[in-house]
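There are 2 protein chains.
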Amino acid sequence: MRASARRAQIEVIKDVARRLIAEKSVSGLSLREISREMGVVSSALYRYFATRDDLLTALILDAYNDLGQSVERADAKVAREDAYARWRASARAIRRWATNNPHEYALIYGTPIPGYTAPTATIDAASRVARVLGAILSESRRVDTSVALARPAAGGERRFLDVDGLAAIMPGVASEEYVRALLAWTAIFGFLTFELFGQYVGTVKNANMMFDRVVDELAVSLRLRAA
Amino acid sequence: MRASARRAQIEVIKDVARRLIAEKSVSGLSLREISREMGVVSSALYRYFATRDDLLTALILDAYNDLGQSVERADAKVAREDAYARWRASARAIRRWATNNPHEYALIYGTPIPGYTAPTATIDAASRVARVLGAILSESRRVDTSVALARPAAGGERRFLDVDGLAAIMPGVASEEYVRALLAWTAIFGFLTFELFGQYVGTVKNANMMFDRVVDELAVSLRLRAA
DNA sequence: AAATTGCAAGAGCAGTGCTCTCGTTGTGGG
DNA sequence: CCCACAACGAGAGCACTGCTCTTGCAATTT
Chain Z
682 MRASARRAQI
692 EVIKDVARRL
702 IAEKSVSGLS
712 LREISREMGV
722 VSSALYRYFA
732 TRDDLLTALI
742 LDAYNDLGQS
752 VERADAKVAR
762 EDAYARWRAS
772 ARAIRRWATN
782 NPHEYALIYG
792 TPIPGYTAPT
802 ATIDAASRVA
812 RVLGAILSES
822 RRVDTSVALA
832 RPAAGGERRF
842 LDVDGLAAIM
852 PGVASEEYVR
862 ALLAWTAIFG
872 FLTFELFGQY
882 VGTVKNANMM
892 FDRVVDELAV
902 SLRLRAA
Chain A
682 MRASARRAQI
692 EVIKDVARRL
702 IAEKSVSGLS
712 LREISREMGV
722 VSSALYRYFA
732 TRDDLLTALI
742 LDAYNDLGQS
752 VERADAKVAR
762 EDAYARWRAS
772 ARAIRRWATN
782 NPHEYALIYG
792 TPIPGYTAPT
802 ATIDAASRVA
812 RVLGAILSES
822 RRVDTSVALA
832 RPAAGGERRF
842 LDVDGLAAIM
852 PGVASEEYVR
862 ALLAWTAIFG
872 FLTFELFGQY
882 VGTVKNANMM
892 FDRVVDELAV
902 SLRLRAA
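Heads up: the sequence lines are chains Z and A, in that order.
Per the working numbering: the first sequence = residues 682 to 908.
Per the working numbering: the second sequence = residues 682 to 908.
1) Where in the stretch 708-766 of chain A do unbroken runs of the alpha helix (DSSP H), each at least 4 residues long, occur, reported from the N-terminal end onward?
2) In chain A, what lies closer than 7 Å to Z/N887 by C-beta?
3) Work out the CA separation of Z/S821 and Z/R761 for me, nearest whole Å.
4) Report the residues of the stretch 729-742 of chain A with a CB closer than 8 Å to any CB of chain Z, ordered along the chain.
5) Spell out whether any CB of chain Z is found under 8 Å from the CB atom of A/P793.
6) Tell me which residues share the same chain as Z/E718 and place their Cβ nearer than 6 Å to its Cβ, disregarding the 5 neighbours each side in the sequence.
7) Quick check: is the beta carbon of Z/M890 nearer than 8 Å to any beta carbon in chain A?
8) Let me confirm a value: Z/G749 is counted as buried when at least 16 other C-beta atoms fall within 10 Å, else exposed. Which label applies?
9) Assuming the contact rule is C-beta atoms closer than 8 Å, A/I715 and A/I694 should be a hit. Round their C-beta distance to whole Å, please.
10) Rounded to whole angstroms, how far is the Cβ of A/A900 from the Cβ of A/R906, which I believe are closer than 8 Å?
11) Return the CA-CA distance between A/M851 and A/S819, expressed in angstroms with no decimal places.
12) Using a Cβ-Cβ distance under 8 Å, would Z/T884 count as near chain A?
13) State yes or no: is the beta carbon of A/V895 nearer than 8 Å to at least one beta carbon in chain Z?
14) Roughly how many angstroms separate the alpha carbons of Z/T884 and A/D805, rounded to a whole number?
15) Out of A/F872, A/Y859, A/R861, which one is the CA nearest neighbour of Z/L864?
16) Are Z/K886 and A/F841 closer than 8 Å when you measure CB to CB?
17) Exposed or buried, Z/S771, counting other C-beta atoms within 10 Å across all chains shown (16 or more means buried)?
18) Distance check for Z/R713 and Z/L736, CA to CA, integer angstroms please.
19) Just checking my contact of A/Y786 with A/L877 at CB under 8 Å: how many whole Å lie between their CB atoms?
20) Tell me the DSSP secondary structure of A/L903 in three-state form.
21) Count the other CB atoms within 10 Å of the CB of Z/N782; is the residue buried (16 or more) or exposed (fewer)?
22) Classify A/G720: buried if its beta carbon has 16 or more other beta carbons within 10 angstroms, exposed otherwise.
23) Any Cβ of chain A within less than 8 Å of the Cβ of Z/R812?
24) Less than 8 Å separating the beta-carbons of A/L742 and A/T803?
25) Looking at the C-beta of Z/P833, does it have a partner C-beta in chain A at a distance below 8 Å?
26) Would you mind reading off the limits of the alpha helix (DSSP H) that contains A/G836?
27) Does A/I629 come within less than 8 Å of chain Z when only Cβ atoms are used?
28) In terms of DSSP beta bridges, what is Z/V885 paired with?
29) List the residues of chain A that Z/S706 touches, going by C-beta distances under 7 Å, in chain order.
30) Just to confirm, is the Cβ distance from Z/A744 to Z/L788 under 8 Å?
31) Where does Z/G709 land, buried or exposed, given buried means 16+ other C-beta within 10 angstroms?
32) Check whether chain A comes within 8 Å of Z/T874, counting only Cβ atoms and requiring the distance to be less than that.
33) So with Cβ pairs under 8 Å, would you call Z/V860 a contact of chain A?
34) Can you check whether the C-beta of Z/L847 is within less than 8 Å of a C-beta belonging to chain A?
35) Put Z/I691 into one of helix, strand or coil per three-state DSSP.
36) For Z/Y859, which residues of its own chain have a beta-carbon under 6 Å away from its beta-carbon, when the five flanking residues on both sides are left out?
Following this line, the structure appears as structure tokens:
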């Protein structure tokens, strides 16, 4: 009974923190304000989070899992064999989550907190999105084994990539494609970072449409879609 | 005489601030510590910067210009007509600057400061890099007018892009190429953000080599280089 | 019923950004 | 030349922050 009360209290703290982050920003989040909102004294919070960064770490973990779950669900709604539709739906789910939760996006994809050593649990949660994208690519190759490599590279990927880790995320995908796969992943989040952080001001007027174009362009590059 | 002393003092403040940002982080930058380093009382700094954010804005402006100048110089060293070499040199210059000044990179490409309205002067400085990349693409099209558009799109770019602004940055480039051009720009910085903010842990082992591969991939996409 | 453990309260410390007032000192116009 | 003005640094102070420590109460365990 006491343990569940504790878990509930932790959820309350995180919820209030999320609300305050949404109102102000992450830098404007203060434990004292959370405690004031909760009608409790600030030192009480330290029973649940030893430090402000610990609270932020918990929020980061939740954010990664929330995003990951959103993308997994979006992907699951599409016919398994339609790789392009899955790719598009997943990418759009990422953007939808990011634009709906810009501050939490900033929390996980923005400037890291000074002591930027990510706990392993965080890395695990962070990979959920990558796993979805990897699975789409992987299964598309299983369906259509005829896709010829446009530019069969030298294959020295082991020198600069963690080939084993990547093979686990997208089994069956030729290592010559890893660069393009990572580039697509990077481009998706690079786009959102640029959009949300204001770098597109003066160039992109309708980020929604532009995003779809970029997603299509990347789909071509990944050969999930014909040019 | 007094005006120059004032300018000098401003430079000292910014230099100390840059050093402290490099040591700790931008969030760990405090005016009081700057003042202590300078052997002056903290309120004295307010004669030069009305607010902490004003100081940061000044540092952001300097960072954009420093990066822009680095890239301009790198591009200038390469034979004008060799578009691919210029592209690669410029991209490498961006990465070199970013890895040499990670905290200043975070300052300009990381999570924006709460009051995230960028002054116009900042936007101007920020576009210096884009102008270099645009010029490379633009002049490459002037040299080789035979490049056929791989996928002549519907041409409705006006609906989601600031076509006029983009045309000013890369004159002579067909608007059907704008998406790919913006994508390349986005990918470069997306890569650096992922690299510097730790998202590549567990996948990319040698970011240096991977970056070159990505730059080549983008060069192909921009048709600055044959596949 | 007694002992232990979890918890909130409150005071307090060192630090922050920022404001205000007060002498001092350099500078330009009459 | 000298004086009024403006710029400047010093210092005190306000409201805020994260975090620590002690105290007393309440719930759980033994």
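Idealized CB from N, CA, C, for every residue including glycine.
Here the structure is a predicted model, which means the values were calculated and not measured.
This is what the structure holds:
1) List check, alpha helix (DSSP H) in window: 712-719, 733-757.
2) Those within 7 Å of Z/N887 in chain A are R840, F841.
3) Rounded to whole angstroms, the separation of the alpha carbons of Z/S821 and Z/R761 is 9 Å.
4) Listed by position, the residues of the stretch 729-742 of chain A near chain Z (Cβ gap below 8 Å) amount to none.
5) At least one CB of chain Z lies nearer than 8 Å to the CB of A/P793.
6) Excluding positions up to five away in sequence, the list reads V697.
7) The C-beta of Z/M890 comes closer than 8 Å to at least one C-beta of chain A.
8) Z/G749 is buried by the Cβ-count criterion.
9) About 6 Å; that satisfies the 8 Å criterion.
10) The Cβ separation is near 4 Å, so the contact holds.
11) Counting only the Cα atoms, A/S819 lies some 5 Å from A/M851.
12) Yes, its Cβ sits closer than 8 Å to a Cβ of chain A.
13) Closer than 8 Å: yes.
14) Distance between the alpha carbons of Z/T884 and A/D805: 13 Å.
15) If we check each option's Cα against that of Z/L864, A/F872 comes out closest.
16) Cβ distance < 8 Å, so Z/K886 and A/F841 count as in contact.
17) Using a 10 angstroms sphere on the CB of Z/S771, the tally of other CB atoms reaches 16 or more, which defines it as buried.
18) Looking at the two C-alpha atoms, the distance is approximately 13 Å.
19) About 6 Å separates the two Cβ atoms, so the contact holds.
20) Taken through DSSP and simplified to helix, strand or coil, A/L903 comes out as coil.
21) Per the 10 Å Cβ criterion, buried.
22) Answer is exposed; the Cβ neighbour count stays below 16.
23) At least 8 Å separates the CB of Z/R812 from every CB of chain A.
24) The Cβ atoms of A/L742 and A/T803 lie closer than 8 Å to each other.
25) Summary for Z/P833: the model assigns pLDDT 49, below 50, so the residue's position carries little reliability, and this model does not support an answer.
26) Careful: A/G836 lies outside any alpha helix (DSSP H) and carries neither H nor E.
27) This structure cannot speak to residue 629 of chain A, because chain A is shown only from 682 to 908.
28) Beta-bridge pairing links Z/V885 to A/L842.
29) Residues of chain A passing the Cβ test: P795.
30) Judged by their CB atoms, Z/A744 and Z/L788 are nearer to each other than the 8 Å cut-off.
31) Looking at its Cβ environment, which holds fewer than 16 other Cβ atoms inside 10 Å, Z/G709 is exposed.
32) With 8 Å as the cut-off, Z/T874 counts as an interface residue toward chain A.
33) Taking CB atoms only, Z/V860 has a neighbour in chain A less than 8 Å away.
34) Z/L847 counts as touching chain A.
35) Correct three-state label for Z/I691: helix.
36) Excluding positions up to five away in sequence, the list reads E838, L842, L847.
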